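Enquirer:
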Ligand SMILES: NC(=O)c1ccc[n+]([C@@H]2O[C@H](COP(=O)([O-])OP(=O)(O)OC[C@H]3O[C@@H](n4cnc5c(N)ncnc54)[C@H](OP(=O)(O)O)[C@@H]3O)[C@@H](O)[C@H]2O)c1
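Residue numbers (our numbering): 226 to 481.
Right under this line is the structure:
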């Protein structure tokens with residue numbers, strides 16, 4: 226065992242895919258994994274949307290490539306994994322981060338709204354796990370970091386459908402963690418609380434007073450987290466440092 230702190234978090238030689246890495250939490254995690262030494266596939270819905278994260282990683286002196294796909298399309302998740310495997314020869318780390326969130330009471334959601342959230346959040350997770358886990362297992366090492374939400378255990382009515390997909394996503398992570406537990410592959414969920422990203426921008430910009438009041442009760446710290454505050458936990462879950470942890474949830478909420 227090498228006890229130097231950098232060695233257990235070192236991702237040199239590892240290849241990672243981060244979905245939804247064009248902005249927000251995914252972009253910060255992609256940069257964090259690259260900073261720890263991984264070659265990173267930056268996913269977004271378009272080539273243009275991936276450009277700024279790729280450029281930031283290149284500016285850091287690390288390697289990044291773009292991969293594109295709309296995850297509401299069934300089997301797109303499998304395609305993404307196949308692209309990374311073909312281009313890099315292996316995929317060691319999968320960060321399932323992209324998600325769709327349509328805020329409305331359940332009765333007001335259209336069938337399209339429901340299918341869209343289920344496909345992006347749940348169906349694509351199943352597709353990516355089915356495509357990546359057998360290969361990681363065959364190679365004897367793999368890390369899956371699934372981005373959940375505090376809504377997966379404390380749902381609010383306005384996010385009912387989104388919260389249900391996050392709870393189901395974690396259930397999948399747990400069952401696959403158990404199935405692959407003796408193969409060197411671990412799967413865990415990182416569940417953020419309120420984080421300052423585009424997802425919350427309209428509330429922050431259009432209702433500043435409501436936003437301030439919301440922050441005061443959102444968590445014990447009374448503020449939104451930053452995307453950079455997600456990076457350390459993601460690198461931990463993606464590295465050797467978390468080798469005896471699987472099927473668990475790491476919550477980063479500012480106190481909840
Ligand atoms: N922000 C929060 O307060 C918060 C709290 C708890 C959990 N989370 C979770 O954290 C993760 C990241 O959230 P965020 O706030 O950073 O998100 P965000 O800023 O809204 O960014 C969403 C990302 O997902 C991609 N994406 C959206 N729809 C997609 C689709 N149909 N197919 C493929 N990619 C798609 C986007 O790609 P393009 O840029 O190409 O559109 C973008 O990279 C999500 O899983 C979210 O549920 C966030």
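Yeah, the Cβ is synthetic: ideal placement off N, Cα and C, and Gly gets one too. The structure presented is a predicted model; accordingly, all values stated were derived computationally and were not measured.
1. Return the chain-ordered list of same chain residues with a C-beta closer than 8 Å to the C-beta of residue 275, the five sequence neighbours on each side being excluded.
2. Should residue 303 and residue 355 be called a contact, given that it needs their Cβ atoms to be closer than 8 Å?
3. Quick one: what's got a C-beta closer than 8 Å to residue 406's C-beta in the same chain, skipping five residues either side?
4. Closer than 7 Å to a non-hydrogen atom of ligand 1 - does that hold for the CB of residue 333?
5. Taking 7 Å as the cut-off, is the C-beta of residue 269 nearer than that to any heavy atom in ligand 1?
6. Is the CB-CB distance between residue 350 and residue 416 below 8 Å?
7. Out of 340, 317, 346 and 242, state which residue places its alpha-carbon closest to the alpha-carbon of residue 395.
8. Straight-line CA distance for residue 283 to residue 334?
9. Are residue 316 and residue 236 touching if we call contact CB-CB under 8 Å?
10. Do residue 375 and residue 418 have their beta-carbon atoms positioned less than 8 Å apart in this structure?
11. Which complete alpha helix (DSSP H) runs does the region 281–323 hold, if anything under 4 residues is left out?
12. Give the range of the beta strand (DSSP E) segment to which residue 413 is assigned.
13. Could you check if residue 322 is buried or exposed, using at least 16 other CB atoms within 10 Å of its CB as the buried criterion?
14. Are residue 422 and residue 262 closer than 8 Å when you measure CB to CB?
15. On a Cα-Cα basis, can you pick out the residue from 430, 362, 460 and 447 that is closest to residue 481?
16. Where does residue 242 sit, in a helix, a strand or coil, going by DSSP?
Expert: This is what the structure holds:
1. The residue labelled residue 275 in the question sits at position 50 within the chain shown. Excluding positions up to five away in sequence, the list reads 246, 247, 267, 268, 269, 291, 292 and 293.
2. For the purposes of this step, residue 303 is taken as residue 78 along the chain shown, with counting starting at 1. For the purposes of this step, residue 355 is taken as residue 130 along the chain shown, with counting starting at 1. Cβ distance < 8 Å, so residue 303 and residue 355 count as in contact.
3. For the purposes of this step, residue 406 is identified with residue 181 of the chain shown, where counting begins at 1. Answer for residue 406: 471 and 472, listed in chain order.
4. Here the question's residue 333 lines up with position 108 in the chain shown. No, Cβ of residue 333 sits at least 7 Å from all heavy atoms of ligand 1.
5. On the chain shown, position 44 is the one that residue 269 refers to. Answer for residue 269: yes, Cβ within range of ligand 1.
6. Translated into the one-based positions of the chain shown, residue 350 becomes position 125. Translated into the one-based positions of the chain shown, residue 416 becomes position 191. Going by C-beta atoms, residue 350 is not nearer than 8 Å to residue 416.
7. Locating residue 395 in the chain shown gives position 170, counting from the first residue. Measuring from the Cα of residue 395, the nearest candidate turns out to be 346.
8. Residue numbering aside, residue 283 sits at position 58 when the chain shown is read from its first letter. Residue numbering aside, residue 334 sits at position 109 when the chain shown is read from its first letter. Each residue's Cα considered, the two are about 41 Å apart.
9. Mapped onto the chain shown, residue 316 falls at position 91. Mapped onto the chain shown, residue 236 falls at position 11. In this structure, residue 236 does not lie closer than 8 Å to residue 316 by Cβ.
10. As a position in the chain shown, residue 418 is number 193, starting the count at 1. As a position in the chain shown, residue 375 is number 150, starting the count at 1. Cβ atoms of residue 418 and residue 375: closer than 8 Å.
11. You should have 301–313.
12. Indexing the chain shown from 1 puts residue 413 at position 188. Counting along the chain, residue 413 sits inside the beta strand (DSSP E) bounded by residues 410–417.
13. Residue numbering aside, residue 322 sits at position 97 when the chain shown is read from its first letter. Answer is buried; the Cβ neighbour count reaches 16.
14. Within the chain shown, the letter at position 197 stands for residue 422. Within the chain shown, the letter at position 37 stands for residue 262. At a Cβ-Cβ threshold of 8 Å, residue 422 and residue 262 do not count as neighbours.
15. Here residue 481 is taken as the residue at index 256 of the chain shown, counted from 1. When each option's Cα is compared against that of residue 481, the closest is 447.
16. Position 17 of the chain shown, counted from the first residue, corresponds to residue 242. In the structure shown, residue 242 sits in a strand (DSSP, three-state: E or B).
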